[in-house]
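Inspection log for the structure reproduced underneath, given as structure tokens.
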Amino acid sequence: MRIEKDVYGEVAMEGLGEVVSSALKMGGVVYLEGDLGMGKTTLVRGVLRGLGYQGPVKSPTYTIVEPYELPNLEVYHFDLYRVSDAEELEFMGIRDYFTESGLCLIEWAEMGRGALPEADLVVSLNLIRQGRHVSLEAQTEKGLAALKVLQEVITS
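Here the sequence shown stands for residues 60 to 215, numbered as in our numbering.
Shown next as structure tokens:
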């Protein structure tokens, strides 16, 4: 199952993230795909705002992971752009972040191939005239359940 939507501007991308957060409250693994500057971190900021986080949200390009502890959910935002070998992730204990109730939002997941679990949901961002085309695709039963929650809200 897949949902597609065109988004215009940073505010709209953050708003989409807030909407998407409603389907991620039970955790999961989300791969965020797209070139540099496509709005992946902006989408993550929206997801975190939708989950109730009010602090600053920055890209973990240099730290690899930024943790966010919320009352009922631990969220981890990964940026694997600077990872040269998936084995580096094993040394940092990457598997410990993937719990049944945690939410892992992963930019540049292809850099961690072999060390990462399967994505429940893949969000792809592509450039279109004056905006971004966003595609959300389920990869697991958990991802399918999330898309079913979002289908009415996003496509309306």
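Heads up, the beta-carbon is just placed ideally off N, CA and C, and yes, glycines get one too.
- Apart from the five residues on each side of it in sequence, which residues of its chain come closer than 7 Å, Cβ to Cβ, to H172? Before going on, a small fix: residue 172 reads as Arg here, not His. The answer, listed in chain order, is A145.
- Query: Roughly how many angstroms separate the alpha carbons of G86 and Q189, rounded to a whole number?
  - Reply: 32 Å
- Message: Closer than 8 Å is the cut-off here; do at least three beta carbon pairs connect the segment 121–141 with the segment 161–169?
- Response: yes
- Would R104 be called buried (16 or more neighbouring beta carbons within 10 Å of its own) or exposed? buried
- Message: When you compare the CB positions of I187 and I62, do they come within less than 9 Å of one another, or not?
- Response: no
- Query: Where do the ends of the alpha helix (DSSP H) carrying R191 lie?
  - Reply: Per DSSP, R191 belongs to no alpha helix (DSSP H); it is in the beta strand (DSSP E), 190–197.
- Query: Any idea which residues DSSP pairs G87 with across the strands?
  - Reply: L162
- Would you mind working out which of A205, D94, R108 sits nearest G76, comparing C-alpha positions? R108
- Throw me the rounded Cβ distance for the M60 and R191 pair, which I believe falls under 8 Å. Not really, about 20 Å apart at Cβ, beyond 8 Å.
- If you check the beta carbons only, do L180 and E196 fall under 9 Å apart? yes
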